[in-house]
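>
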Amino acid sequence: LFLLGAISRAFQPGCKFEIMLCLVGGQGAGKSTFFRLLAVRDEWFSDDLRKLDDDNVYRKLQGHWMIEMSEMMATANAKSIEEIKSFLSRQKEVYKIPYETHPADRPRQCVFGGTSNALDFLPLDRSGNRRFIPVMVYPEQAEVHILEDEAASRAYIEQMWAEAMEIYRSGRFKLAFSPAMQRYLKEHQRDFMPEDTKAGMIQAYLDKYTGSMVCSKQIYKEALNHAFDEPKQW
């Protein structure tokens with residue numbers, strides 16, 4: 001799906017595609033190198049997008065096809081994740097370059113990849129993290145390590161693009177997950193979120209609870225140790 005999104009953005013600038021492939025693994029796993037090789041040409045790749053409140057952020061997208069967000073994903077919190085999700089949802093930028101008299105619409109021709117060394121980089125988010133596809137990288141299991149044999153890795157990636165291009169030309173695809181895949185992704189993402197300490201406290205309380213009925217207010221007071229105050233939300 002990520003490859004089809006990248007091809008679609010190249011041939012149909014500004015098409016709706018808001019999914020980010022996120023590679024997770026330790027230092028030296030070749031995560032950034034993978035995105036660089038995925039761009040086919042080095043000049044089509046950029047890892048210079050450090051923050052989204054930069055006045056020049058939109059200009060940094062121009063001329064690049066594959067853009068890596070590394071530091072932003074590594075230091076993401078609930079607020080910054082919301083900013084990233086909003087940024088991914090945009091299909092065009094509107095800005096004025098020097099010597100132009102008026103701002104112009106500039107449809108996006110790029111896609112975004114994320115890298116993180118931390119396993120629990122996705123925040124606990126009630127609104128969902130459907131835009132992020134976390135993939136664990138296991139370099140020790142690779143037939144060819146991407147950092148050890150770039151030529152072989154490029155050949156493999158070119159074959160990936162060839163197969164994705166055939167699917168694109170057939171027209172038999174959607175730039176979205178099926179309902180079944182969305183449910184699987186939601187469960188899969190839990191492996192990349194921090195442990196919810198409140199969930200553990202509630203589970204420990206329920207394991208020892210001997211009553212036949214329980215309510216949320218009771219759990220708030222007894223399981224979460226708020227004996228003298230009321231919950232702010234229900």
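Residues 1 to 234 (UniProt numbering) are what the sequence shown spells out, left to right. Note that CB positions come from ideal geometry on N, CA and C, so glycine has one too.
Report yes if the C-beta distance between E68 and F121 is below 9 Å; otherwise report no.
no
> Is the number of C-beta pairs between the region 143-150 and the region 86-104 that are closer than 8 Å three or more?
Contact fails: fewer than three Cβ-Cβ distances are below 8 Å.
> Verify whether the separation of the beta carbon atoms of L21 and G113 is less than 9 Å.
yes
> Specify the secondary structure class of A152 as computed by DSSP and reduced to three states.
helix
> Does the count of Cβ pairs from the region 155-163 and the region 41-50 closer than 8 Å reach three?
no
> Note down, in chain order, each residue of its chain lying with its Cβ closer than 8 Å to the Cβ of A185, except the 5 sequence neighbours on either side.
Rather than Ala, the amino acid found at residue 185 in this sequence is Leu. Correct list, in chain order: R130, I133, F177.
> Check for me: the alpha helix (DSSP H) holding S212 runs from which residue to which?
It is not in any alpha helix (DSSP H) - S212 carries neither H nor E in the DSSP assignment.
> Taking buried to mean at least 16 other C-beta atoms within 10 Å of its own C-beta, is K208 buried or exposed?
With fewer than 16 other Cβ atoms from the protein chains shown falling within 10 Å of its own Cβ, K208 counts as exposed.
> Could you give the distance in angstroms between the alpha-carbon of S80 and the alpha-carbon of N117?
17 Å
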